[in-house]
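Participant: Residue numbers (the numbering used here): 223 to 592.
Virtual Cβ for every residue (Gly too), placed ideally from N, Cα, C.
Note that this is a predicted model, so its numbers are computed, not measured.
I am attaching a structure below and will ask some questions about it afterwards.
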């Protein structure tokens, strides 16, 4: 197993470099980059949210974007507007953002920094990328961790019961509930929860935004815990409703496949109770794909599924930050986030394989690789 782990770790290096190179090439070809955005802000001083990164350069207080919904048309406008600017100023902007160097040199410099976990400084926020990631991480971890745990705690027992009672009234009406949960996107369910329970039109039981209340630091330990879960209740519920359906059906189908196999009939013939057959023999084989998929499910919920939920409930997490960086072409934040997400994805993939071995020690990846 040690040899397999070492091979997987070594394979992560070219995989990570390939993903970064491919995305770097795609982003370079996209219009409306940081230089164009800086020019656009310079030639449209009435836009809000701009801060200067120049000192004595004549750019005033409108040198860079803080948060903007930039489109291809803005890049075209900036290209036209740049024709009336001093070429020396345009070159200064290009130098500031590192675009005075050829793409291959910028890529190698970026990878060299990332290997030292130096993600640079945000173009438009004036903060180190690592500081931004650490600041946003608690929100994303809170959403992803609790959602994943609740999804598994609900889906596995429900899937097992549906498999045992296959075709019963319980299986039928629970399947309808699963279909409804699968059909409703999490963001629509989040809006419904806000309308019903967060002062939208009916009740005002839960807060509408944020992860903590004002004066959180002055609360006692128990009050802080209660306030934290009070704020998480609606966003996590919205994500759980849309996430448990597929895992429940996966668990049910996996158990049904195992229950119908010959070794289950043999175990029953030996006089074992249904509970012993189910949890001593069937459970280990049926739960292989479910438990081993936990790291992947956590990563997916952590960094992708929570994006719209973060927007709706005003939760400033990593998903929202990555989306904003892509819109505003904040390359250090974009690639820093991509590097971290990709690295975590590769590590979680290895953890998923190790989970297979923990659930069923009979699996030998080294022998399969030969």
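What's the C-alpha gap between residue 344 and residue 434?
Facilitator: 26 Å
Participant: Can you tell me where the alpha helix (DSSP H) with residue 180 in it begins and where it stops?
Facilitator: Outside the displayed span of the chain (223 to 592) sits residue 180, for which this structure offers no information.
Participant: Rounded to whole angstroms, what is the Cα-Cα separation between residue 231 and residue 566?
Facilitator: 12 Å
Participant: Which term fits residue 552, buried or exposed, when burial requires 16 or more other beta carbons within 10 angstroms of its beta carbon?
Facilitator: buried
Participant: Could you tell me how far apart the beta carbons of residue 341 and residue 554 are, in whole angstroms, since I believe they sit closer than 8 Å?
Facilitator: Indeed they touch by this definition, with Cβ atoms about 6 Å apart.
Participant: Assuming residue 309 is part of the alpha helix (DSSP H), what are its boundary residues?
Facilitator: 309 to 318
Participant: Determine the burial state of residue 426: buried for a count of at least 16 other Cβ atoms within 10 Å of its Cβ, exposed for fewer.
Facilitator: By the beta-carbon neighbour count (other beta carbons within 10 angstroms, threshold 16), residue 426 is exposed.
Participant: Can you tell me the Cα-Cα spacing of residue 354 and residue 329, whole angstroms?
Facilitator: 22 Å
Participant: Should the segment 460 to 478 be regarded as contacting the segment 506 to 523, the criterion being three or more beta carbon pairs within less than 8 Å?
Facilitator: yes
Participant: So, does the segment 477 to 484 touch the segment 382 to 389, judging by three or more C-beta pairs under 8 Å?
Facilitator: Because the criterion of three Cβ pairs below 8 Å is met, the segment 477 to 484 and the segment 382 to 389 touch.
Participant: With burial defined as no fewer than 16 other Cβ atoms inside 10 Å of the residue's Cβ, what is the status of residue 492: buried or exposed?
Facilitator: With fewer than 16 other Cβ atoms within 10 Å, it is exposed.
Participant: Can you pull the DSSP bridge partners for residue 343?
Facilitator: 350
Participant: Look up residue 396 in the DSSP assignment and say whether it is helix, strand or coil.
Facilitator: helix
Participant: Count the other C-beta atoms from every protein chain shown that fall within 10 angstroms of the C-beta of residue 251, then say buried if there are 16 or more, exposed otherwise.
Facilitator: exposed
Participant: So residue 460 and residue 400 are supposed to be a Cβ contact under 8 Å. How far apart are they, rounded?
Facilitator: That pair is no contact at about 16 Å.
Participant: Under the DSSP definition of a beta bridge, which residues are partnered with residue 426?
Facilitator: DSSP lists 420 as the bridge partner or partners of residue 426.
Participant: On the three-state DSSP scale, how would you describe residue 522?
Facilitator: helix
Participant: What would DSSP say about residue 535, mapped onto helix, strand or coil?
Facilitator: coil
Participant: Measure the alpha-carbon distance for residue 368 versus residue 458 and round it to whole angstroms.
Facilitator: Using only the alpha carbons, I get a separation of about 7 Å.
Participant: DSSP three-state call for residue 406: helix, strand or coil?
Facilitator: Of the three classes helix, strand and coil, the one that applies to residue 406 here is coil, per DSSP.
Participant: Reducing DSSP to helix, strand and coil, say where residue 461 ends up.
Facilitator: Here residue 461 sits in helix by DSSP.
Participant: Does DSSP classify residue 433 as helix, strand or coil?
Facilitator: The DSSP-derived three-state label of residue 433 is coil.
Participant: What does the Cβ neighbour count give for residue 598, buried or exposed, with the cut at 16 atoms within 10 Å?
Facilitator: Residue 598 lies beyond the residue range present for the chain, which begins at 223 and ends at 592; the question has no answer from this structure.
Participant: Can you check which of these residues, 352, 444, 318, is closest to residue 256 by C-alpha distance?
Facilitator: 318
Participant: Which term fits residue 259, buried or exposed, when burial requires 16 or more other beta carbons within 10 angstroms of its beta carbon?
Facilitator: buried
Participant: Helix or strand or just coil, what does DSSP make of residue 414?
Facilitator: helix
Participant: Does the Cβ of residue 380 have 16 or more other Cβ atoms within 10 Å, making it buried, or fewer, making it exposed?
Facilitator: buried
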